[in-house]
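Reviewing the structure listed below.
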Amino acid sequence: MFESSLRQAMAEDTAHLAAAPDLAERVVRRSLRRRRTRHAIAAVVTATALALAGWVLAPREQRVATTPSTTGRLDDVVVRHVPPGLGEPVQGHSGEGRLLAGTLTWGSGADLVRVSRYGGADGLDTPGLMAGGQLTSTRGRQAKISPGGTDLLWSERQGLLLRVTVGANHVAEVRTIAEELQVTDPTGPAGGVVEGLRVSYLPSRLHLESVTMRSDGETAKTWTGAGERQITLTVVRGRHAASLDELAAWSAGDWRNGTRTTVNGRPAYRNGARSRLTGRLWLQEPGVGVVLRMSENLEPEIDRVLAGIVPVPATRGLPLRFEGLTVTHLPPGFTAGQDGGMDGRGRWWTRAGSSVLVEVVKGERARTPQDLAHVSWPTSERFSGLRRTTVGSRPALVGDIVTGTGLSRGRMVLWTARPGYGVRVQVSDDLVNDLMAVARGIQVAPAR
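This is the structure:
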């Protein structure tokens, strides 16, 4: 009883004291410098007594300091995980084949970590890129990996290749670095905007795979992730969306065997049991149909995704008329424009780094869309991935704008509204999915 009371009194009397974290280690280290074993034993006894008296003794492994590595950003790619101890990243460029990549590099040699971003690339089969790589997957996408596992290359989305290269000391982390990358959706937070509909919520760890536009008024946007997770949202305008049943007949899928339901108060179809995907199909408004397809492993989140699909509010200050045309639609947030384009025959809107340009081209240079595609290009830019589409009933061309080094500068659509009168609409990278909505909202006055 006496000994217990004494220990309790000692503990209470020293509870307010704090020892240096390495006190015990310094005691032991000092004892080891002495030649006699009895002194080492005494040091151990001292350390034990201190512990009994309430002193805090930190184990050595908890005190080993590591220098954290700073993560970094490369255009729309945020690097969120790098092994510790590599310090600050260095930004640069590297060329391979005809492509130029922006790079972020930590360390060197066996401690190298490098993230590379190739814009304007054709895909994994781009000549000169990892010819001897083996097929694998990362981030839910097909990828190539070098035989030694130090180099991982994949197509993040159309026109964007990403690569993680490591030294021998970090082979085990090459996939973790890749999986932890955060790639900004160029159409805005969460899922961005698809033909006037904002996708306010997406399940975690889904990445933008592609945005496709077809001449029949169909726009589709796909996000994918590991474990074969996938979401595709398709918006179709025109005759295919005249009614819910016509939309169901047009859309590939088991809709007719499904059940009637509602989406945000609108009549809809739930797809049938024979489909391998879960989904909904509905008319957002007359002439505008929407189809959402999700992999079965995402079905628990379908209601939350659907609730987050909302119309984008109309932009103030419209309609706007100039040079014989009327602009009736812009992405949200643009309230004022300034003169721009060739010869001042255009209007240019900017907002926090985003931009929209609508311009008119007249005369011999506007006989066909092909003529328009070669009008007044800066020497450092070119039209890439040119493909046919329509704006209203007029033939048009749409394509990406890239620099001579392969970096993306947005997207453009152009058409001749009548002989000698052409229209070009250009948007920045973050607004590519708004491009066709802006174009379709342009009305051209008849020739006088």
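Under the numbering used here, think of the first position of the sequence shown as 53, with each following residue one higher. Ideal Cβ positions, reconstructed from N, Cα and C, are used throughout, including at glycine.
Going along the chain, which residues of its own chain have a beta-carbon closer than 6 Å to the beta-carbon of residue i, five neighbours each way excluded?
i      : result
Ile93  : Since pLDDT at Ile93 reaches only 47, below the 50 mark, its modelled position is unreliable, and the value read off the structure follows with that caveat. Closer than 6 Å at the Cβ level, and outside the excluded window around Ile93, lies no residue.
Ala377 : According to the sequence as given, residue 377 is Leu; it is not Ala. Counting only Cβ-Cβ distances below 6 Å, and skipping sequence neighbours, we find Ile494, Val496.
Trp401 : Phe386, Gly389, Val408
Thr264 : Ala272
Arg18  : Given a span of 53 to 500 for the chain in the structure shown, any question on residue 18 remains unanswerable.
Arg403 : Gly385, Phe386
Arg417 : Asp423, Val427
Val226 : Leu204, Val216, Val218
Glu505 : Nothing can be reported for residue 505, as the shown portion of the chain is limited to 53 through 500.
Glu353 : Pro255
Phe435 : Ala425, Gly451
Ala70  : Only weak support is given to the placement of Ala70: the predicted model assigns it a pLDDT of 41, under 50, and the value that follows is read from those uncertain coordinates. Nothing meets the Cβ criterion.
Gly161 : Gly219
Gly341 : Val288, Ala293, Leu299, Leu335
Need the endpoints of the beta strand (DSSP E) that residue i sits in, please.
i      : result
Pro363 : 361-363
Tyr473 : 473-479
Val246 : 244-246
Thr468 : 460-470
Glu270 : 270-277
Asp203 : 203-209
Pro447 : 446-455
Leu433 : The residue asked about is misnamed: residue 433 is Glu in this sequence, not Leu. Segment 433-443, the beta strand (DSSP E) holding Glu433.
Tyr321 : 318-322
Trp307 : Element bounds for Trp307: n/a, residue is neither H nor E.
Gly398 : 398-403
Val251 : 249-251
Mind checking which residues open and close the alpha helix (DSSP H) that includes residue i?
i      : result
Trp423 : In the sequence under discussion, the amino acid at residue 423 is Asp, which differs from the Trp named in the question. Residues 421-424.
Met488 : 487-492
Ala301 : 296-302
Ala230 : 226-231
Sort the options by Cα distance to residue i and report the nearest one.
i      : options                        : result
Glu140 : Leu152, Val288, Leu156, Asp127 : Leu156
Ala278 : Thr190, Pro199, Leu205         : Thr190
Thr271 : Leu205, Thr442, Thr330         : Thr442
Gln143 : Gly305, Ala153, Val245         : Ala153
Leu438 : His145, Arg446, Ile453         : Ile453
Ala304 : Arg332, Arg318, Gly317         : Arg332
Pro498 : Gly472, Asp297, Ala183         : Gly472
Thr228 : Val131, Gly339, Pro447, Leu372 : Val131
Arg215 : Ala195, Pro199, Ala224, Gly200 : Ala195
Arg125 : Gly317, Val167, Lys414         : Val167
Thr420 : Ser406, Arg440, Arg403, Leu370 : Arg440
Arg399 : Thr313, Glu231, Arg373, Pro447 : Arg373
Gly339 : Pro447, Val288, Val134, Glu261 : Val288
Ala230 : Ala448, Arg209, Leu205         : Leu205
His292 : Val315, Glu433, Val343, Gly192 : Val343
Gly310 : Asn316, Asn323, Glu298, Gly317 : Asn323
Val479 : Leu212, Ala469, Val490         : Val490
Val245 : Leu382, Gly180, Gly444         : Leu382
Leu176 : Gly192, Leu213, Asp203, Glu232 : Leu213
Gly171 : Asp128, Gly184, Pro136, His133 : Asp128
Pro199 : Leu187, Thr178, Gly317, Leu449 : Leu187
Leu260 : Leu449, Ser207, Gly201, Glu351 : Ser207
Gly351 : Thr330, Ala294, His133         : The question names Gly, but residue 351 is Glu in the sequence shown. Residue Thr330 is the option with its Cα nearest to Glu351.
Glu375 : Asp297, Ala469, Leu296, Ile354 : Ala469
Ser445 : Gly458, Leu459, Arg492, Gly415 : Arg492
Gln336 : Leu449, Asn316, Asp355         : Asn316
Leu459 : Pro136, His145, Val134, Pro135 : His145
Gly185 : Gly137, Gly201, Leu138         : Gly201
With a threshold of 8 Å on Cβ separation, who are the neighbours of residue i within its own chain once the five nearest residues in sequence on each side are excluded?
i      : result
Leu164 : Thr157, Trp158, Thr217, Val218, Gly219, His222
Ala61  : In this prediction, Ala61 scores a pLDDT of 42, lower than 50, which makes its location untrustworthy; no coordinate-derived value is stated.
Thr100 : Unreliable positioning characterises Thr100 in this predicted model, as indicated by a pLDDT of 46, which lies under 50. The coordinate reading is nonetheless provided below. Closer than 8 Å at the Cβ level, and outside the excluded window around Thr100, lies no residue.
In terms of DSSP beta bridges, what is residue i paired with?
i      : result
Val342 : Val287, Trp334
Gly415 : Beta-bridge pairing links Gly415 to no other residue.
Arg166 : Thr157, Thr217
Thr378 : Arg373, Gln495
His145 : Gly154
Ile197 : Gln186, Leu204
Val129 : Leu126, Val235
Ser406 : Arg403
Please work out which residues of its chain come closer than 7 Å, Cβ to Cβ, to residue i, disregarding the five sequence neighbours upstream and downstream, and give them in chain order.
i      : result
Arg505 : This structure gives no information on residue 505, because the portion of the chain shown stretches from 53 to 500.
Arg476 : Glu411, Val413, Leu424, Met464, Leu466
Thr314 : Ala320
Leu487 : Arg463, Val465, Val477, Val479
Ser406 : Ser480, Asp482, Leu483
Pro371 : Thr378, Val379, Thr380
Pair every Cβ in the region 345-352 with every Cβ in the region 269-283, then say whether three or more of these pairs are closer than 8 Å. yes
With a cut-off of 8 Å, do at least 3 Cβ pairs link the region 478-495 to the region 446-466? yes
Decide yes or no for the touch test of the region 354-373 against the region 247-262: beta carbon pairs closer than 8 Å, at least 3 of them. yes
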